[in-house]
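Peer 1: Handing you this structure, nothing more for now.
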Amino acid sequence: MQTPALPPQGATVRARRWRHLRRAVALPLAALALSGCTIPSFYASEGATSSSKSVYHLWQWFSIGAVIIGGFVCILVAYAVLRYRRKGDHIPRQSQYQLPLELAYTIVPILIVFGLFAATLVVENKETANPATKVTINVNAFQWGWKFTYPGTNAFVYGQTTQNPEMIMPAGENVHFNLTSSDVIHGFYVHDFNFSRYALPGVRNEFTILAQNEGTYFGQCTQLCGLYHSLMYFRVKVVSQSQYAAWIASFNNPADEAAAKAAAKTTYQQTSSVVPTHGSTTKFGR
Ligand SMILES: [Cu+2]
6 MQTPALPPQG ATVRARRWRH LRRAVALPLA ALALSGCTIP SFYASEGATS
56 SSKSVYHLWQ WFSIGAVIIG GFVCILVAYA VLRYRRKGDH IPRQSQYQLP
106 LELAYTIVPI LIVFGLFAAT LVVENKETAN PATKVTINVN AFQWGWKFTY
156 PGTNAFVYGQ TTQNPEMIMP AGENVHFNLT SSDVIHGFYV HDFNFSRYAL
206 PGVRNEFTIL AQNEGTYFGQ CTQLCGLYHS LMYFRVKVVS QSQYAAWIAS
256 FNNPADEAAA KAAAKTTYQQ TSSVVPTHGS TTKFGR
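Under this note's numbering, the first residue of the sequence shown is numbered 6, with each subsequent residue one higher.
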């Protein structure tokens, strides 16, 4: 009987090395693919408001910087692990007090942190700026819905969970918001605005948003606020200034308002069997 010829020793070692290399490359690639990371947005929205575009670019640069620095550190770690792995019983040459190197790895991270801080400060100042506005919207969060009222007008939007209340706001105009909560802490978050604020009981949070493009954007509560938190959705509909004016004016027509209330009552009756209420009449703007 003939025994199969064994591969030469060198070929076996090379095959093993290739196997290890393939695994070393496949592992980070699989992690990247499974993370669901989107490039180049890194899952942020490109932004539908003036300040959200700045937030988007800041986020992009932060993410790219993190990838570069993370990659650089990984390469250094891999180099040190491979180059200085144990090869025998002798202790390798010990070195210390590498002053230039120690200064570099102390000063460079400090400069990076200052850079990140300064860039964040510039963008946050833009986001928290409070210019004069003609339009104000009061947003009140409650378990588990949203009430949007428009001071100085009869307009309102009121709905909970599956009713998906739709806040109307004009495009191309600074809109001032007063955000409050009736009960517990909620979060006012609109993904396409790259914007989030706490709605706190007893506190009025104020901010200004300038929506640049007309469209409908998805919003939701981002603070775990109780049983139906996961259904605490709303929409933001950005319309032209003339459409906005017409929508506000429609609330001055008693017939329209009565029809809106009737529609709200029907919606309320359809959903109240699913969601517990506070016992008050739920009204729904149009
Ligand atoms: Cu919530």
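Ideal placement from N, C-alpha and C gives every residue a C-beta, glycine not left out.
Please state the DSSP three-state secondary structure of residue 198.
Peer 2: Note: residue 198 maps to helix in three-state DSSP.
Peer 1: Which residue comes first and which comes last in the beta strand (DSSP E) that contains residue 181?
Peer 2: Start and end: 179-186.
Peer 1: Hey, how far is the Cα of residue 291 from the Cα of residue 247?
Peer 2: Residue placement at residue 291 cannot be trusted, given a pLDDT of 34 that sits under 50; the coordinates are not used to answer.
Peer 1: Pull every residue with its beta-carbon under 6 Å away from any heavy atom of ligand 1, and keep them in chain order.
Peer 2: Taking each Cβ in turn, the ones that pass are 191, 226, 228, 230, 234, 237.
Peer 1: Does residue 4 come out as helix, strand or coil in the three-state DSSP assignment?
Peer 2: This structure cannot speak to residue 4, because the chain is shown only from 6 to 291.
Peer 1: Roughly how many angstroms separate the alpha carbons of residue 194 and residue 34, rounded to a whole number?
Peer 2: If I take the Cα positions, the gap works out to 32 Å.
Peer 1: Can you name, in chain order, every residue of its own chain whose Cβ lies under 7 Å from the Cβ of residue 55, other than the five neighbours on each side?
Peer 2: Around residue 55: 215, 217.
Peer 1: Tell me which residue opens and which closes the beta strand (DSSP E) that residue 257 is part of.
Peer 2: From DSSP, residue 257 is part of no beta strand (DSSP E); its letter is neither H nor E.
Peer 1: Determine, using beta carbons only, whether residue 3 and residue 228 come nearer to each other than 8 Å.
Peer 2: There is no way to answer for residue 3, as the model of the chain reaches only from 6 to 291.
Peer 1: Could you tell me which residues DSSP pairs with residue 19 in its beta bridges?
Peer 2: None, per the DSSP bridge assignment.
Peer 1: Quick one: measure Cβ to Cβ for residue 244 and residue 173, integer angstroms, because I've assumed they're closer than 8 Å.
Peer 2: That pair is a contact at about 6 Å.
Peer 1: Give me the Cβ distance between residue 170 and residue 149, rounded to the nearest whole Å; I'm assuming they're in contact under 8 Å.
Peer 2: Incorrect: roughly 11 Å between the Cβ atoms, too far for contact.
Peer 1: When the cut-off is 8 Å and only beta carbons count, does residue 27 lie next to chain C?
Peer 2: Note that chain C does not occur in the displayed structure, where there is just one protein chain.
Peer 1: Using alpha carbons as the reference points, say which of 202, 76, 166, 22 lies closest to residue 233.
Peer 2: Out of 202, 76, 166, 22, 166 has the C-alpha closest to the C-alpha of residue 233.
Peer 1: Looking at the structure shown, is residue 171 part of a helix, part of a strand, or coil, going by DSSP?
Peer 2: Correct three-state label for residue 171: strand.
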